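Encoded as structure tokens, the structure appears first; notes follow it.
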Amino acid sequence: MIRHALTACVLLLSVPANAQMSGDSEALERVELMVERLGGAAVWSRTRTLYLVYDAWSLDPAQPVVEYAWRDLTEPREHMRYQRRTGSFERVFDGSAGWHKRDSVRRDLSAEEVEQSNEFWPRDFYTMIRRLAIKDSDLVLRWQQPNKVYVDDQGGTALGWWVIDDTGQPVIWGTMYDNEPLEYLYMPVVSYGVINFPEGGTAVDGGWRFTYRKVDVSDDKYQLPEVD
């Protein structure tokens, strides 16, 4: 279990003074509002590991799923475990290698899967919250009325987009995964201790619906299971 390493004193910290995230003023203001709504830049800028427990429902096959996920927000590293009626599934990835295990059958990630995971990591929903909190200088924000923020990198590559309401709550998030659109609709934000987070959400196609049972943050580096 991840230690609750972040305490109220973290709120006294600030993001680096030299951080420069560029873009439309409306987009910058709306993203800042969202970060504050989710607990503040001080907490998210210190967070390294995010621990999540989801109660979920998959569409194909239709069944309940419990997911446990440890996500590193500072480099491509993650560990996920799924418990389903049809069996268990586990995935570990450290940026250079990884594996899948379905029940007791394990296989290494292919070179293509490693490349795909590395390509997706910097645009992932969770990673992007921290990147916005630290005002990552590689990010450029564009505003579209009435409430949409597009996120690109400095080279002009589209990383994703957010619909953020007037209170700073994330409503919809979208990006590309394996050259296909990936979009999620989120429930209202609730408190999870030192941070706030949506109570749950759904893929817009209904293929994955979930509520968060636990959302915990730590400034520690999570110890992955052995990859090699």
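Each residue of the sequence shown is one higher than the one before, counting from 3 in my numbering.
The beta-carbon is built from N, C-alpha and C at its ideal position, and this holds for glycine as well.
Since this is a predicted model, take the numbers as computed values, not measurements.
Under the three-state DSSP convention, the category residue i falls into
| i | result |
| --- | --- |
| ARG93 | strand |
| SER106 | coil |
| SER220 | strand |
| VAL37 | helix |
| VAL116 | helix |
| PRO227 | coil |
Selection from the options that minimises the alpha carbon distance to residue i
| i | options | result |
| --- | --- | --- |
| VAL217 | THR51, GLU31, ALA64, ALA44 | THR51 |
| ALA43 | ARG133, GLY25, VAL153 | ARG133 |
| PRO78 | VAL55, GLY100, TYR70 | GLY100 |
| PHE91 | MET178, LYS103, HIS81, GLY97 | LYS103 |
| TYR214 | MET23, GLN22, ASP26, TYR56 | TYR56 |
| ALA64 | MET23, ARG86, ASP126 | ARG86 |
| VAL37 | TRP164, GLY202, THR159, TRP210 | TRP164 |
| GLY209 | THR88, GLU34, ALA58 | ALA58 |
| LEU35 | ASN120, LYS137, ARG108, TYR70 | LYS137 |
Rounded Cβ spacing between residue i and residue j (contact assumed at less than 8 angstroms)
| i | j | result |
| --- | --- | --- |
| LEU40 | ILE197 | 6 angstroms |
| ASN145 | ASP26 | Residue identity differs from the one stated: residue 145 is Trp in this sequence, not Asn. Confirmed, Cβ separation roughly 4 angstroms. |
| VAL191 | PHE199 | 6 angstroms |
| VAL33 | VAL219 | At roughly 19 angstroms, the Cβ-Cβ gap does not stay under 8 angstroms, so VAL33 and VAL219 are not in contact. |
Short Cβ contact (8 angstroms threshold) for residue i with residue j
| i | j | result |
| --- | --- | --- |
| ASP110 | TYR224 | no |
| LEU141 | ASP155 | yes |
| PRO227 | HIS81 | yes |
| LEU30 | LEU143 | yes |
| TRP46 | ILE131 | yes |
Residues that residue i bridges to, as DSSP identifies them
| i | result |
| --- | --- |
| PHE199 | VAL192 |
| ARG125 | In DSSP, ARG125 forms no bridge with anything. |
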